[in-house]
Structure formats: structure tokens, C-alpha cells
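> Just dropping this structure here.
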Amino acid sequence: MRHFLTLKDFTKEEILEIIEIGLEIKKDLKAGNYKKELEMQTLAMIFEKSSTRTRVSFETGMFQLGGHALFLSNRDIHLGRGEPVKDTARVISSMCDMVMIRTFEHSMIEEFASYSKVPVINGLTDSFHPIQLLADYMTIKEYGMEKNLVVAYIGDGNNMTNSWLMLAAKLGFELRIATPKGYEVDNAVLRDAMDIATESGAVIKVMNDPKEAVRGATIVTTDTWASMGQEDEKEQRIKDFKGFMVDGLMMCLADRDAKFLHCLPAYRGQEVSEELLENHADIVFSEAENRLHAQKGLMVWLDRQRG
Ligand code: CP
Ligand code: NVA
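Residue numbers (my numbering): 142 to 448.
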């Protein structure tokens with residue numbers, strides 16, 4: 142049995158296989174063919190933070206696969222009133238077939254997974270957002286951009302940046318990260334990624350100049366400057382991130398055919414301009430839709446692992 146907590150635990154082949162299963166399921170779905178591979182299964186979804194895409198994609202995905210999804214907000218379950226993680230894990234995993242968790246500390250899902258009898262999926266922690274990267278790479282593939290891929294991530298060194306680092310390190314593409322001073326990526330994650338990159342051939346560069354990062358890039362991406370849980374820092378961050386908005390001018394430095402990705406939700410006028418986002422709406426909203434297909438691929442893959 143496998144959990145999906147970070148991309149670090151997965152090989153390149155496994156990541157590509159999950160995406161491939163997702164693409165096949167997408168093709169079937171578009172042809173009106175629902176394969177109920179997870180019939181009679183239940184996915185428990187624990188949300189300690191807000192969500193639009195993650196909730197809708199997992200709940201819809203599980204339904205389309207013939208199963209059922211339970212939405213459990215921490216306002217409703219005893220976890221939010223202090224019931225220990227290890228007890229919650231043993232109870233839920235005794236009744237459900239898979240668990241998805243969106244929470245703050247990454248150690249919470251590690252603890253949950255260590256007590257869980259069923260696969261646990263990271264639906265976002267303060268440290269990683271790996272399911273988003275499955276959808277992002279699926280989108281890159283669909284747009285035929287995986288060859289000579291150079292990704293520029295502009296903005297906060299956060300859970301998305303950490304996940305891009307792991308994806309680049311595993312798959313072996315070039316990733317440039319530009320953050321303002323003081324908002325750099327986590328050192329331990331960077332070290333891990335650099336180690337993995339020596340085997341995969343990935344080129345990873347971190348810097349503080351967004352223009353340098355974007356120059357010649359084939360994919361430019363960003364994320365909110367204030368993640369969930371950092372609402373109090375928002376005003377300070379808007380000042381500190383001056384010059385880091387991805388807009389048409391910045392995009393001019395990228396490759397002629399470069400595309401823009403955003404995990405969403407987007408804050409127009411902050412990390413991205415209204416115009417740039419709307420100009421790239423086709424790929425950005427395909428990326429959002431691919432959350433559904435990629436996560437169906439992941440759930441089917443995890444289910445197959447337990448034989
Ligand atoms: N990108 C993403 O995870 O979106 P939600 O927060 O809406 O789930
Ligand atoms: N970095 C963002 C991602 C949202 C999908 C956050 O954690 O809020």
C-alpha cells in the first residue's frame with residue numbers, strides 16, 4: 142500500500158504512469174464512458190483549510206469512478222476539537238478506502254498516514270501541494286510542451302514552489318525560481334531536490350531577479366503571495382513582492398511560445414495581471430480541469446497498488 146504525501150516518494154516512471162492513467166480516464170470520460178473502477182469505495186476528505194478545486198475534483202472524481210466521497214471539515218469532526226490525529230486515522234481508515242487531507246503542518250499527514258490502514262493523499266499542506274503538480278504536468282503534456290521544458294516560478298517560496306522543485310528534480314527539467322529576498326524556498330527541500338537532480342539531470346536555479354528567471358522560459362508560473370494561514374501578512378507581502386507581478390511585459394522576456402500556468406485561486410493585480418491571466422485563460426482553466434482527471438488517475442493508481 143502506498144500513500145501520496147510528496148513527489149519525493151515517487152519515481153519518474155510512477156509519476157508519469159499516474160498522469161497517463163489520468164489521461165486515459167479523461168479520454169474515456171469525454172467519450173461518455175465511465176469506468177467504475179472504484180465502485181463501492183469511499184474517500185474521506187478532511188479539510189482544515191478552504192478549497193474550491195480540490196474538493197470539487199475529488200468529490201466529482203470519486204463519484205465518476207463509482208465511489209463516494211465524504212466531506213469532513215474540521216469544524217464538524219472531533220479532530221477540530223482536539224481528538225488526536227492517530228485516533229482519527231485509525232477510526233476513519235477502518236471504515237473508508239482512501240483518505241485525502243488538506244491541513245497546515247506536513248507532519249500531521251505523516252502522522253495520520255503512519256496510523257492509517259488505507260492510502261492517504263496530501264490535498265495540500267503548508268509544505269507541499271503534490272496533486273496540483275500532477276495536473277500541471279498533465280497540462281504541459283497536453284499542450285505538447287514537455288520537450289525542452291524550462292519552467293520559471295515567480296513569487297513566494299511556498300508549498301507550490303517546493304512541489305515544483307520535487308517535480309523538476311524527479312522528471313529532469315529546468316526550473317528557475319525567483320523569490321523576493323526573505324521569501325526563498327525551504328533550504329531542506331532545495332537540498333533534497335538538488336540531490337535528486339544530480340541523478341535526473343534536472344537544472345535547478347534559485348535567484349531574486351524575476352526577469353532573469355523568465356528569460357527564455359517556456360512555462361511561467363506563479364502563486365498567491367499570501368498562502369492560506371498567512372492572511373495577517375498580506376499587506377506586508379504586497380509591499381515586499383513589488384516587481385514580482387507576472388504581466389505582459391515580464392512575459393515578453395520568455396520564449397515566444399511560452400505559456401502561463403497558475404494553480405488558482407489567482408489574485409489579479411498582485412502575483413498576476415488581469416490581462417495576462419485572461420490571455421492565458423485557455424491553459425489555466427485546462428490546468429484547473431485537469432485536477433479532476435489527474436486525481437482520478439492517482440486514486441486508481443493507489444487502488445491498484447494494494448492488489
Ligand atoms: N489549486 C487548488 O488547490 O485550489 P483549491 O484551493 O481551490 O482547492
Ligand atoms: N500556496 C497556496 C496554494 C493554494 C492552492 C496556499 O497554500 O494557499
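In this text, a Cβ means the ideal position worked out from N, Cα and C, and glycines have one as well. These numbers were taken from a predicted model, which means no experiment stands behind them.
#1: State the Cα-Cα distance for the pair A435 and K380, rounded to the nearest angstrom.
#2: Could you check the C-alpha separation between L405 and A429 for me, to the nearest Å?
#3: Between G296 and D228, which are expected to be in contact by the criterion C-beta below 8 Å, what is the C-beta distance as a whole number of angstroms?
#4: Run the proximity test for L274: is its beta-carbon closer than 7 Å to any non-hydrogen atom belonging to the ligand HEM?
#5: Judging by CA-CA distance, which residue of G384, Q446, K190 is the nearest neighbour of L265?
#6: In chain order, which beta strand (DSSP E) runs of at least 3 residues are fully inside the region 201-227?
#7: Whole angstroms are fine: how far does the CA of Y256 sit from the CA of I281?
#8: With 16 other CB atoms within 10 Å as the buried threshold, where does A358 fall?
#9: Which stretch, first to last residue, makes up the beta strand (DSSP E) that contains E315?
#10: Would the beta-carbon of K311 fall within 8 Å of that of F151?
#11: I want to check one thing, is the minimum distance from the CB of R356 to the heavy atoms of the ligand CP below 7 Å?
#12: Using the Cα positions of T449 and L213, report the straight-line distance between them to the nearest angstrom.
#13: For my contact list, A254 and L146 are in at a C-beta cut-off of 8 Å; report their separation, rounded to the angstrom.
#14: State the DSSP-derived secondary structure class of N299, mapped to helix, strand or coil.
#15: When burial is assigned at 16 or more other CB atoms within 10 Å of the CB, is L390 buried or exposed?
#16: Can you find at least 3 beta carbon pairs, one from the region 300-317 and one from the region 343-362, that sit closer than 8 Å?
#17: Three-state secondary structure (DSSP) at F151?
#18: Contact defined as beta carbons within less than 8 Å: I believe L157 pairs with E178. What is the distance between those atoms, to the nearest angstrom?
#19: Following the continuous alpha helix (DSSP H) through N328, name the residue where it begins and the one where it ends.
#20: Just to check my reading of the structure: F269 and M241 have Cβ atoms closer than 8 Å, yes? What is that Cβ distance to the nearest angstrom?
#21: What are the boundary residues of the alpha helix (DSSP H) that includes N431?
Per the coordinate set shown:
#1: Distance from the CA atom of A435 to the CA atom of K380, rounded to whole angstroms, is 36 Å.
#2: If I take the Cα positions, the gap works out to 8 Å.
#3: Actually they are not in contact, since the Cβ atoms of G296 and D228 sit about 38 Å apart, beyond 8 Å.
#4: Because the ligand HEM does not appear in the structure shown, any question about it cannot be addressed here, the ligands present being the ligand CP and the ligand NVA.
#5: K190
#6: 209-214
#7: Their Cα atoms are separated by approximately 35 Å.
#8: buried
#9: Residues 315-319.
#10: yes
#11: Every heavy atom of the ligand CP is 7 Å or more from the Cβ of R356, so no.
#12: The structure shown does not extend to residue 449, since the chain is modelled only from 142 to 448, so the question has no answer here.
#13: A254 to L146, Cβ: 6 Å. Contact.
#14: Coil.
#15: exposed
#16: yes
#17: coil
#18: No, L157 and E178 are not in contact; Cβ-Cβ is about 19 Å, not under 8 Å.
#19: 328-341
#20: About 14 Å separates the two Cβ atoms, so there is no contact after all.
#21: 422-446
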